[in-house]
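Notes follow the structure.
Number of protein chains: 2
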Amino acid sequence: MSVTGPAGFRAAGVAAGLKSSGAPDVALVVNDGPVQAAAAVFTTNRVQAAPVQWSRVAVGDGVARAVVLNSGGANACTGPEGFLDTHRTAEHVAEGLGCSAGDVLVCSTGLIGVRLPMDRLLAGADAATAALAGDGGPAAAEAIRTTDSVAKTVHLERAGWSVGGMAKGAGMLAPGLATMLSVLTTDAVVEPATLDAALRHATRLTFDRVDSDGCMSTNDTVLLLASGASGVEVSAAELTEAVTAAAADLARQLVADAEGASHDVAVTVRGAETEQAAVQVARAVTRSNLVKAAVFGNDPNWGRILSAVGTVPVEQAAFEADEVDVSINGVLVCRAGGLGEPRELVDMAAAREVLVEIDLHAGQAEATVWTNDLTHDYVHENSAYST
Amino acid sequence: MSVTGPAGFRAAGVAAGLKSSGAPDVALVVNDGPVQAAAAVFTTNRVQAAPVQWSRVAVGDGVARAVVLNSGGANACTGPEGFLDTHRTAEHVAEGLGCSAGDVLVCSTGLIGVRLPMDRLLAGADAATAALAGDGGPAAAEAIRTTDSVAKTVHLERAGWSVGGMAKGAGMLAPGLATMLSVLTTDAVVEPATLDAALRHATRLTFDRVDSDGCMSTNDTVLLLASGASGVEVSAAELTEAVTAAAADLARQLVADAEGASHDVAVTVRGAETEQAAVQVARAVTRSNLVKAAVFGNDPNWGRILSAVGTVPVEQAAFEADEVDVSINGVLVCRAGGLGEPRELVDMAAAREVLVEIDLHAGQAEATVWTNDLTHDYVHENSAYST
Numbered sequence: 001m002s003v004t005g006p007a008g009f010r011a012a013g014v015a016a017g018l019k020s021s022g023a024p025d026v027a028l029v030v031n032d033g034p035v036q037a038a039a040a041v042f043t044t045n046r047v048q049a050a051p052v053q054w055s056r057v058a059v060g061d062g063v064a065r066a067v068v069l070n071s072g073g074a075n076a077c078t079g080p081e082g083f084l085d086t087h088r089t090a091e092h093v094a095e096g097l098g099c100s101a102g103d104v105l106v107c108s109t110g111l112i113g114v115r116l117p118m119d120r121l122l123a124g125a126d127a128a129t130a131a132l133a134g135d136g137g138p139a140a141a142e143a144i145r146t147t148d149s150v151a152k153t154v155h156l157e158r159a160g161w162s163v164g165g166m167a168k169g170a171g172m173l174a175p176g177l178a179t180m181l182s183v184l185t186t187d188a189v190v191e192p193a194t195l196d197a198a199l200r201h202a203t204r205l206t207f208d209r210v211d212s213d214g215c216m217s218t219n220d221t222v223l224l225l226a227s228g229a230s231g232v233e234v235s236a237a238e239l240t241e242a243v244t245a246a247a248a249d250l251a252r253q254l255v256a257d258a259e260g261a262s263h264d265v266a267v268t269v270r271g272a273e274t275e276q277a278a279v280q281v282a283r284a285v286t287r288s289n290l291v292k293a294a295v296f297g298n299d300p301n302w303g304r305i306l307s308a309v310g311t312v313p314v315e316q317a318a319f320e321a322d323e324v325d326v327s328i329n330g331v332l333v334c335r336a337g338g339l340g341e342p343r344e345l346v347d348m349a350a351a352r353e354v355l356v357e358i359d360l361h362a363g364q365a366e367a368t369v370w371t372n373d374l375t376h377d378y379v380h381e382n383s384a385y386s387t
Numbered sequence: 001m002s003v004t005g006p007a008g009f010r011a012a013g014v015a016a017g018l019k020s021s022g023a024p025d026v027a028l029v030v031n032d033g034p035v036q037a038a039a040a041v042f043t044t045n046r047v048q049a050a051p052v053q054w055s056r057v058a059v060g061d062g063v064a065r066a067v068v069l070n071s072g073g074a075n076a077c078t079g080p081e082g083f084l085d086t087h088r089t090a091e092h093v094a095e096g097l098g099c100s101a102g103d104v105l106v107c108s109t110g111l112i113g114v115r116l117p118m119d120r121l122l123a124g125a126d127a128a129t130a131a132l133a134g135d136g137g138p139a140a141a142e143a144i145r146t147t148d149s150v151a152k153t154v155h156l157e158r159a160g161w162s163v164g165g166m167a168k169g170a171g172m173l174a175p176g177l178a179t180m181l182s183v184l185t186t187d188a189v190v191e192p193a194t195l196d197a198a199l200r201h202a203t204r205l206t207f208d209r210v211d212s213d214g215c216m217s218t219n220d221t222v223l224l225l226a227s228g229a230s231g232v233e234v235s236a237a238e239l240t241e242a243v244t245a246a247a248a249d250l251a252r253q254l255v256a257d258a259e260g261a262s263h264d265v266a267v268t269v270r271g272a273e274t275e276q277a278a279v280q281v282a283r284a285v286t287r288s289n290l291v292k293a294a295v296f297g298n299d300p301n302w303g304r305i306l307s308a309v310g311t312v313p314v315e316q317a318a319f320e321a322d323e324v325d326v327s328i329n330g331v332l333v334c335r336a337g338g339l340g341e342p343r344e345l346v347d348m349a350a351a352r353e354v355l356v357e358i359d360l361h362a363g364q365a366e367a368t369v370w371t372n373d374l375t376h377d378y379v380h381e382n383s384a385y386s387t
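Residue numbers (UniProt numbering), protein chains in the order written: chain S, 1 to 387; chain F, 1 to 387.
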């Protein structure tokens, strides 16, 4: 049911001709209330696409009536003209809905450094407005796909209220050009501040821990809209639980559909002094091309894992190199920084999922970061993207 | 002429059966003096191979008589036993040469997490000692190859003295498993402290700026030995110039022979506040898989370059995203963070070398970091290394 699972939302997805394939490329999500609370998390890249610049300001008051999203062009690095394009898009959609442009958020995804064909985009926005429907969530999810092989949606029911969502992205919150966008919706009755806190908690533990290729995009945006249409007031804890679960579901779908990947890799670091230290060590492993290529080769090459762990500066994570254990798919191949069980005992070919567990023996904190293997298809897809 | 170009050195390379291919795998370099000054730079990885642990201590007094190197096994993550293996190797070579074990440095390269076959290694060391010759430099360079398609050597003549050297590595100072090793030699008359300063200056500007796949190894070692055999006293400036030039030559050879690469990419960042800021920005670009895959596709995808630049935290490099210029092979494809010349004007297919120039317009400092493209062959070679 995607973003229209919760009550109070309509959505649509249409083909506006932004994609040369003719596939759907403009989506619209509208919050019919009774309230229009909104929260957002954006890329921390210093190069920010025009829609990110716009939406960051527009969502600043915690209110949004609608989100218009397009694939087929990121509208990033397009200068003041690109920003005006985004502004025009918001104004155009606002006119159609009879609201203020400041209550229309904009998301774009696609190639960087190319202006959007505004005539097509605005006509597409009109068509989407006309097509808005209470069951339009799946169509909206279709329209935001770029290299995604499937649309990603979620709908989690709670007691009288629910959280829905859609996402696009070929692997991570920060997937570079194959930007990640997500719109989450709920019909719970919540304050904007609670909404914001729940979304930040959720993204920190889910989308932020999906690290397909280590590249951070100019367009990444995660939005959470609340309509209050269920009439059910929920606590901050209840909301946070459901939003985090929905985001985790979508994040896992992104990993499973990462560009050209043949393995999903969960790197869990235990025994860290702090959660942040565990995340740093896990990221060092998930960003090692040598580790990722070895996983592609179904090669339990724990030396590369330990070598990646060793690149983390001591001020970021305290541990002794000769105390670190590494397991791959449950086999303790490295014990205390040295040889453990024979690597031949590890079977990596049997399943798409690979579990790397690292114990630093330096504390009680832990964290898991997901990544994918580095494959021929990744190289192929990413060497041919804009050509 | 490799390491035996300068006077006062003998070297050898032999096949000891460490490599299953039967190719040469044990090298020995001996400094016959009259002095035996030595300096070294090692990997900063917290996981350090046994030979790194040994050599770091052994070279601490600024004196070394010999270096024994092996390919066919990194002797990393091999615990106390692995360290004893390294110690035995040094003692064995020292006996053969009639010197102290503390004056024998050891370097190893190959798979992590596997013990070395000591009987073969020690027999190989004996054979290398017997084969030592004043023209043995090229044979030594052959014996340290792993995935290198060619041996890398250099010899730069100066006024009555010279600098020689050899290196192995498939791309960088910190290439993960395909470790980088280099031995530089000179017959100049210099103090150990001068030698050390010259080597640190040289590695900082050369090997440290070669960043083929962003992975840092457990075994990386660069050694500089001085025999004083020319009788020519040189200034610190003269030595630094020659050692830096020799290291730059070898570093360039490493890039040109990087595993599976089809392009060498020089990323030059100008207009930075500090040299360190320029290096940080350049590294963000050279470590982006999306940029590297685009280069493989001969795709002047400057959006990915700008997106990588934008990931550098402001505390590491001051710049405004909308002031950054990017040129690829001389074409200014991105002006002031936005569209510049048409990307179609860029020809990347014509040459192996690709020049990316980034102007931050934030100062006067600059730096260049080299990398390679991300290719199918890189994935292939690195997914099949240990299997």
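Here a beta-carbon is modelled for each residue, glycine too, at the ideal position from N, C-alpha and C.
C-beta atoms of residue i and residue j nearer than 8 Å
{"i": "S/D187", "j": "S/G8", "result": "yes"}
{"i": "F/W370", "j": "F/D220", "result": "no"}
{"i": "S/A266", "j": "S/E341", "result": "no"}
{"i": "F/A66", "j": "F/L97", "result": "yes"}
{"i": "F/P6", "j": "F/A139", "result": "no"}
{"i": "S/S217", "j": "S/T89", "result": "no"}
{"i": "F/V291", "j": "F/V285", "result": "yes"}
{"i": "F/G22", "j": "F/A74", "result": "no"}
{"i": "S/N329", "j": "S/L355", "result": "yes"}
{"i": "F/G297", "j": "S/G113", "result": "no"}
{"i": "S/A317", "j": "S/A277", "result": "yes"}
{"i": "F/E95", "j": "F/R158", "result": "no"}
Minimum Cβ-Cβ distance from residue i to chain S less than 8 Å
{"i": "F/V379", "result": "yes"}
{"i": "F/I328", "result": "no"}
{"i": "F/T86", "result": "no"}
{"i": "F/M180", "result": "no"}
{"i": "residue 459 of chain F", "result": "No statement about residue 459 of chain F is possible, as the shown extent of chain F runs from 1 to 387 and does not include it."}
{"i": "F/F296", "result": "yes"}
{"i": "F/C107", "result": "no"}
{"i": "F/A130", "result": "no"}
{"i": "F/D220", "result": "no"}
{"i": "F/S2", "result": "no"}
{"i": "F/D299", "result": "yes"}
8 Å Cβ cutoff, residue i in contact with chain F
{"i": "S/E302", "result": "It should be noted that the sequence gives Trp, not Glu, for residue 302 of chain S. By this cut-off, S/W302 is an interface position."}
{"i": "S/R290", "result": "Before going further, note that residue 290 of chain S is Leu rather than Arg in the sequence given. Yes, because at least one Cβ of chain F sits closer than 8 Å to the Cβ of S/L290."}
{"i": "S/F207", "result": "no"}
{"i": "S/I112", "result": "yes"}
{"i": "S/T147", "result": "no"}
{"i": "S/R158", "result": "no"}
Residue of the options minimising C-alpha distance to residue i
{"i": "F/V104", "options": "F/A130, F/E91, F/R115", "result": "F/E91"}
{"i": "S/Q253", "options": "S/T146, S/L239, S/K168", "result": "S/K168"}
{"i": "F/E273", "options": "F/A308, F/C334, F/A237, F/H361", "result": "F/H361"}
{"i": "F/M335", "options": "F/A277, F/D325, F/R343, F/E315", "result": "First, the amino acid is wrong: residue 335 of chain F is Arg here, not Met. Considering only alpha carbons, the answer is F/D325."}
{"i": "F/L184", "options": "F/N372, F/E366, F/E381, F/R10", "result": "F/R10"}
{"i": "residue 390 of chain S", "options": "S/A293, S/D211, S/S230", "result": "In the structure as shown, chain S starts at 1 and stops at 387, and residue 390 of chain S therefore has no counterpart that could be examined."}
{"i": "S/S227", "options": "S/A15, S/G17, S/N31", "result": "S/N31"}
{"i": "S/R283", "options": "S/D299, S/N372, S/A251, S/H201", "result": "S/N372"}
{"i": "S/V312", "options": "S/L332, S/A294, S/P300, S/S288", "result": "S/S288"}
Whole-number beta carbon distance between residue j and residue i, since they are thought to touch under 8 Å
{"i": "F/V163", "j": "F/V59", "result": "No, F/V163 and F/V59 are not in contact; Cβ-Cβ is about 18 Å, not under 8 Å."}
{"i": "S/L199", "j": "S/L224", "result": "4 Å"}
{"i": "F/T268", "j": "F/V41", "result": "At roughly 24 Å, the Cβ-Cβ gap does not stay under 8 Å, so F/T268 and F/V41 are not in contact."}
{"i": "S/W71", "j": "S/R145", "result": "The sequence shown places Ser at residue 71 of chain S, not Trp. Confirmed, Cβ separation roughly 6 Å."}
{"i": "F/V106", "j": "F/S55", "result": "6 Å"}
{"i": "S/D347", "j": "S/G337", "result": "Incorrect: roughly 24 Å between the Cβ atoms, too far for contact."}
{"i": "F/Y378", "j": "F/A251", "result": "The pair is not a contact, with the Cβ atoms about 19 Å apart (cut-off 8 Å)."}
* **Inside the segment 4 to 57 of chain S only - beta strand (DSSP E) runs reaching at least 3 residues** => With a minimum length of 3 residues, the continuous beta strand (DSSP E) runs that stay inside the segment 4 to 57 of chain S are 9 to 14, 26 to 31, 37 to 42.
* Mind pulling the alpha helix (DSSP H) runs of 4 or more residues that sit fully within the segment 208 to 261 of chain S? -> 236 to 256
* Asked: Which ranges does the beta strand (DSSP E) cover as unbroken runs of at least 3 residues, wholly within the segment 110 to 197 of chain S, from first to last along the chain?
  -> Fully enclosed beta strand (DSSP E) runs of 3 or longer: 152 to 157, 162 to 168, 181 to 186.
* Return the chain-ordered ranges of every beta strand (DSSP E) run that is complete within the segment 63 to 109 of chain S and spans a minimum of 3 residues. => 66 to 70, 104 to 108
* Asked: What are the start and end residues of each continuous alpha helix (DSSP H) run of 4 or more residues lying completely inside the segment 317 to 387 of chain F, in chain order?
  -> Complete alpha helix (DSSP H) runs here, min 4: 376 to 383.
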